[in-house]
Each structure stands twice: as structure tokens, then as C-alpha cells.
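Student: At position 161 of the first sequence the residue is numbered 187 (the working numbering), and the sequence of numbers has no breaks.
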Amino acid sequence: MGEVLSEVKRGSPEEWQRRLETLAPELLDELSVHKEPEKGLPALEGAENGVVMRFAPNPNGPPTLGSARGIIVNSEYVKKYGGKFIIRFDDTDPVKKRPMPEAYGWYLEDCEWLDARPDEVIIASERVPLYYEVAEELIRRGGAYICRCEQAVFKEHKEKGIPCVHRDQTPEENLELWQKMLDGGFSEGQAVLRVKTDMHHKDPAIRDWPAARIVTAPHPMVGTRYRVWPLLDFESAIEDHLLKTTHILRGKDLADSGARQKYLYKQMGWTYPRVIHWGRIKIHQFGSFSTSKLRAAIEAGEYTGWDDPRVPTVRAMRCRGIRPEALRKFMIDLGVGETDISISMDSIYAENRKLIDADSNRYFFVWNPVALEIEGDVPALARAPLHPAVARGFREIPAGNKIFVCQSDLAALKVGDRVRLKDLCNVEVTGLEPARALFAGREPEKKMKIIHWAPQNGVAVRVLRPDGADEGIGEAGIADELGRVVQFERYGFVRINRLGDPITAYFTHK
RNA sequence: GCUCCGGUAGUGUAGUCCGGUCAAUCAUUCCGGCCUUUCGAGCCGAAGACUCGGGUUCAAAUCCCGGCCGGAGCACCA
Numbered sequence: 027m028g029e030v031l032s033e034v035k036r037g038s039p040e041e042w043q044r045r046l047e048t049l050a051p052e053l054l055d056e057l058s059v060h061k062e063p064e065k066g067l068p069a070l071e072g073a074e075n076g077v078v079m080r081f082a083p084n085p086n087g088p089p090t091l092g093s094a095r096g097i098i099v100n101s102e103y104v105k106k107y108g109g110k111f112i113i114r115f116d117d118t119d120p121v122k123k124r125p126m127p128e129a130y131g132w133y134l135e136d137c138e139w140l141d142a143r144p145d146e147v148i149i150a151s152e153r154v155p156l157y158y159e160v161a162e163e164l165i166r167r168g169g170a171y172i173c174r175c176e177q178a179v180f181k182e183h184k185e186k187g188i189p190c191v192h193r194d195q196t197p198e199e200n201l202e203l204w205q206k207m208l209d210g211g212f213s214e215g216q217a218v219l220r221v222k223t224d225m226h227h228k229d230p231a232i233r234d235w236p237a238a239r240i241v242t243a244p245h246p247m248v249g250t251r252y253r254v255w256p257l258l259d260f261e262s263a264i265e266d267h268l269l270k271t272t273h274i275l276r277g278k279d280l281a282d283s284g285a286r287q288k289y290l291y292k293q294m295g296w297t298y299p300r301v302i303h304w305g306r307i308k309i310h311q312f313g314s315f316s317t318s319k320l321r322a323a324i325e326a327g328e329y330t331g332w333d334d335p336r337v338p339t340v341r342a343m344r345c346r347g348i349r350p351e352a353l354r355k356f357m358i359d360l361g362v363g364e365t366d367i368s369i370s371m372d373s374i375y376a377e378n379r380k381l382i383d384a385d386s387n388r389y390f391f392v393w394n395p396v397a398l399e400i401e402g403d404v405p406a407l408a409r410a411p412l413h414p415a416v417a418r419g420f421r422e423i424p425a426g427n428k429i430f431v432c433q434s435d436l437a438a439l440k441v442g443d444r445v446r447l448k449d450l451c452n453v454e455v456t457g458l459e460p461a462r463a464l465f466a467g468r469e470p471e472k473k474m475k476i477i478h479w480a481p482q483n484g485v486a487v488r489v490l491r492p493d494g495a496d497e498g499i500g501e502a503g504i505a506d507e508l509g510r511v512v513q514f515e516r517y518g519f520v521r522i523n524r525l526g527d528p529i530t531a532y533f534t535h536k
């Protein structure tokens, strides 16, 4: 080996290249081929013949940006490999994660908007009998038992790794107790269905886990039809089998579910889907978002609703003029890493800006307006392009000797300064309190500071931002842009959401 | 406490499985400059990273061991 290497060292690279050319030219080609990074999502193993994937939210509020990631990535894989994309509502807790009846539709709407229309929609609360069937079969096979330990007692058993007395009940006894649970022979907390795993499993989180419990409170969708409700691991395990799910994308918080559910799969003779975990996502501008916390804040009146621009929901993004394509591209670029990530809205904004810039008409909006009197021959009408680069025509803005400018622009000026009023004329400042100026020519001059302005009879505009609100005056044409995204020059992009006095716009981004 | 999973520029991300093409990709952000009748767009340029320590090897971001840091689970929540 050492000999070979010292020989290699003696030759020049060029010499070796020549030798390689004669020996194996095909290897040389290989050298110059740079592995192109695969665009989009990483390949899924075992996806060659199509996939069945599901996104399984609890409908206790509308989709957030976190949900959007799940919707987009799952649906994108289905687009990529063919197959089926399923939305499954895991709404099996009538109390602690009480579903919101409206939220089911909200999810479907937002999926549609995100270009992720599901091929199938499943609602767990409508399929409880299916879970009962599996429960009974599992009991018959000796894979589950009715545990009547008090919660705290079982917890101790679990920590110490010792089975409780109920673990040895025969299937017949368990079947009888199960029936008693269903029939109302037990009250809440008195009995629970437990899946047998291994009380000596080294990870305590895996030991005999609960599969179903008694809840007597009415469920918002099915009322009091059921008094025994499955827990997530049980419901989800069964559904994934019934739906023939091939790949599960699962948050790291559910990382133990696979290990737990595999005991059930083994007992039932089912094949477990492939699982990919991903980390938690946080957004700088919003922090982490839990639907329940949001719900509480909205109910407390801290926000105007689920589409308040300060809130990280898909509907809020929609109202702010974020395009679904921007969200898709962004989420797909994130990939499916297991690390927890903390991202900035700036990246989404940058993506969105590329999409909306060419389509957005430009308008003047003056925030914190201050009146400016101009002496001289100011044109009565300004003609400004709707877009600086795309020929889409012009907007006409009444001007004249009295207009409005931003207080902050005025504050940066002093008497004697010359400034360009965009698309109108030049002026020379002659006074500040009150603000006065003198007409100073119509032709633009190089290097002159340029500010925008608003007409005396403009429309009142209120911009709601994630970080507050701005009020001011805009040109009248803004009223023609309801529902569209426009750019307020030198301010940023906004979506015109409501006409009226004032017109309400949601801030999109700079 | 027990168990599991991560750690590449400010933020994300590619590369890690199968060590050499990596003086490490792309995006975003930031900073210069140009251009522009917007502080938008565009163009040019710059800066910026392999968690640490050992080991294996001719060669380590990549393999092994240990430390540190971070996250998660151990609910009759999802």
C-alpha cells in the first residue's frame, strides 16, 4: 500500500489523468459529473408504485402554518408518486381537544386553496364501531385487557415495570368487562382498554398503553352516541391499516407511536407503514403556535378572528395576499428534517414577492398625512403608471395646490430643500409649520429626492399589519382593487380586503 | 429519573447511508456598488458554517467512542 502511494505521489496530476484516460475513460466522465442536488422533496423509499398518505389534524381550529406544512408535503408526495391523499380528522376527544364543527370545512377549504384537494376525507368520530371491532378482536387474541387500576397506580406500575393484576384476565373476562364499559356499567375513569406490549420494555413510554377510555360528555358531531372513545394511538393505528396508508409523516412528538402501535399490528397480523419523522416548526414572527392557545386568545377578544393578520393561520395568510404557490414552494424547500426549526416569515415573503410583484398595481398611500400647500403652477392632474415595468396603463390622480405627504418625509426636510413629488412635479420647501412649498418645475431632475403624495380628496385607508396598524390617505383608484394585492409605493404590498370609510387593507409584506 | 431523536453560515437547506469530485450547495437575511421618477423589482460584488474532544484511515462534515447543547416521550390529549 505504502509503495503504491509513494508512486502516486511521484507522478503529476496530469500524468495520472493521461493514464486514467487510457485505462478507464468512463471513470473520467464520472468524475466531472457533479451530482445535481435533487430538486424538491427527498425521495421516499418504497414509493415506486404509488403512495397513500394522510394528513390527520384535530379539527379544533382552522389550519395553521404548521398544518400547512403537513398538508403540502403529504400532498406533494402524492403528486410526485401518484396515489391517494387523505384528510383524516382525528376528532376522538370530545372534551380536552373538543372539535369545532366549522373547522372540518375550514380544513377542506384551505386544502383546496393550497392546491391539495384530498382524494378522501375520513372522520374518526363516524367510524367508532370499526375501532370497537378491532378492540374485541384484539381482546380475543389476548392482545389487550381491561385495566381497572387508578391512573396514578398504573403509572407507578409502569415506572417499576411490574404488571398489574388485570393483565392476566382471560379474554372471556376481558370481553365481558369491555361490554360492561360499553353498556355503562363503569363510569368515567373506572376502566380503560389497554394494549399489551411488554412491561419490561426499556422505554417506559412503550409499556402497556391505553387504547380507549370512557367519556360521557357529548361529542360536538355525534353527541352521546358513544361513551367509549379510542385514544389517538389506537384510532390512528387502526385507520392507517384500514386506509392502506403506505407512508406516515409524523411529528417528532409522536415518535413513540410507532413502537407502541407495532405491538397491535403484530397481534393483528398487519404490516406497519413506513414512517418519517419531522421536527417542530416555529416562526420567529409568531413564536410557536398551538391551536388551543389561539382559540383562547380569539375568544378573549385579543384578535378579531381566525383571519386576523397577526395570527399564523392559513386563512390569515390568504387574507394578506400570500399566494398558495409561495407557501408550497417554501414548505417543500424546508424538506422533512428531524431537527426542530425556527424559520422566518421573510423567506415566505421573498417567495411571495417574486410571484406578486409583476401583477400588483402601484398606488400612493400616505400614512400619518400632513397637508402641504404649494404655491405656483402645480398640474391639476398627475398621470402615473400602474406598474413601473409592466405596461398596464396609467392611473390619473387629481393634484393641485394642496396635497398630503407623509409626516416622516416632511420631518426629513428643511426649508430650502428641493424634492420631487413622484409623477407630479418638483417643489422647494418654503415652510414647515404649516408645511408650504413652491412649485419648481415639472421635469424630473437627476438625483433629486423623491417622495410620494396623496390628493386632497383621497380615500381614507387603514392598513392592518401583523405588528399594528397604519392609517392615512390614498388615491381613489385603490377602491377598484377589492380582493387584490397592490403595492403602496414606498410602503409595501397590501391586499385590499374591505371597501368603506376607511378602506381596510391587510399588510402583505414589504 | 428512564427512554428516544437531533446538532452544516443570522435563518433554513444540500452533502452524511456507500469517507476522497467539499478550500462544502442553494435560498433567504445582512453589507457594499450599479440601475430605477418607490425605501419595490432588477444587476454586480462581498461577508458568513461542518457542536467539541478523542479514535480509525493515506484521507473524516461523512465511520466509531465520549462530552456538551437542544428537542421530544413516559396522559384515561392530539
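The beta-carbon is built from N, C-alpha and C at its ideal position, and this holds for glycine as well. Bear in mind the structure is a predicted one, so any value in this text is a computation, not a measurement.
Is the Cβ-Cβ distance between arginine 16 and phenylalanine 391 less than 8 Å?
Tutor: In this structure the chain extends from 27 to 536, so residue 16 is not present and cannot be described.
Student: Let me know the secondary structure DSSP gives isoleucine 324 once reduced to three states.
Tutor: Residue state, collapsed to three classes: helix.
Student: Can you pull the DSSP bridge partners for methionine 79?
Tutor: Beta-bridge pairing links methionine 79 to Phe111.
Student: For glycine 284, count neighbouring Cβ atoms within 10 angstroms of its own Cβ and tell me buried if that reaches 16, exposed if not.
Tutor: Looking at its Cβ environment, which holds 16 or more other Cβ atoms inside 10 Å, glycine 284 is buried.
Student: State the Cα-Cα distance for the pair threonine 297 and methionine 79, rounded to the nearest angstrom.
Tutor: The straight-line gap from Cα to Cα measures roughly 15 Å.
Student: Quick one, are the C-beta atoms of isoleucine 348 and isoleucine 374 less than 8 Å apart?
Tutor: Going by C-beta atoms, isoleucine 348 is nearer than 8 Å to isoleucine 374.
Student: Short of 7 Å in beta carbon distance, which residues of its chain neighbour proline 85, apart from the five on each side in sequence? Order them along the chain.
Tutor: Here the set comprises Phe115, Asp117, Pro125, Met126, Ala129, Tyr130, Tyr133.
Student: If you draw a straight line from the alpha carbon of valine 485 to that of isoleucine 97, how long is it in whole angstroms?
Tutor: Rounded to the nearest angstrom, the two C-alpha atoms are 40 Å apart.
Student: Can you have a look at histidine 60 and say buried or exposed, based on whether 16 or more other CB atoms are within 10 angstroms of its CB?
Tutor: With a pLDDT of 41 at histidine 60, under the threshold of 50, the modelled position of this residue cannot be trusted; read the value that follows with caution. Histidine 60 is exposed by the Cβ-count criterion.
Student: Give the list of continuous beta strand (DSSP E) stretches no shorter than 3 residues that lie fully inside the stretch 134-170.
Tutor: DSSP runs (the beta strand (DSSP E)) wholly in the stretch 134-170: 146-149.
Student: Could you work out which residue in Arg321, Thr272, Glu325 is closest to valine 301 when comparing CA atoms only?
Tutor: Minimum Cα distance to valine 301 is reached at Thr272.
Student: Is the stretch 516-529 close to the stretch 478-494, with three or more CB pairs under 8 Å?
Tutor: Taking 8 Å as the limit for Cβ pairs, the verdict is that the stretch 478-494 does touch the stretch 516-529.
Student: Suppose the cutoff is 6 Å on Cβ atoms and the five residues either side in sequence are ignored; what does the same chain contact list for aspartate 449 look like?
Tutor: Within the same chain, aspartate 449 has close Cβ partners Ala408, Ala410.
Student: For glutamine 177, which of helix, strand or coil comes out of DSSP?
Tutor: Helix.
Student: Between which residues of its own chain and glycine 104 is the CB-CB distance below 7 Å, once the five residues before and five after are set aside?
Tutor: For the sequence presented, residue 104 should be read as valine rather than glycine. Same-chain partners within the cutoff: Val77, Met79, Lys110, Phe111.
Student: For proline 230 and valine 512, I'd like the C-alpha separation in whole angstroms.
Tutor: About 56 Å.
Student: What does the Cβ neighbour count give for proline 470, buried or exposed, with the cut at 16 atoms within 10 Å?
Tutor: Per the 10 Å Cβ criterion, exposed.
Student: Measure from the alpha carbon of serine 368 to the alpha carbon of each residue in Asn378, Glu182, Phe312, then state which is nearest.
Tutor: Answer by Cα proximity: Phe312.
Student: Go ahead and pull the three-state DSSP assignment for isoleucine 522.
Tutor: Note: isoleucine 522 maps to strand in three-state DSSP.
Student: Between the beta-carbon of glycine 457 and the beta-carbon of aspartate 366, is there less than 8 Å?
Tutor: No, they are not a contact pair.
Student: Only counting the same chain, and skipping five residues up and downstream in sequence, which positions put a Cβ closer than 8 Å to that of proline 51?
Tutor: With a pLDDT of 47 at proline 51, under the threshold of 50, the predicted position of this residue should be treated as unreliable, though the coordinate-derived value follows. Correct list: empty, nothing qualifies.
Student: Looking only at its chain, what residues have a beta carbon closer than 6 Å to the beta carbon of lysine 123, apart from the 5 residues adjacent to it on each side?
Tutor: Hits under 6 Å: Asn84, Asn86.
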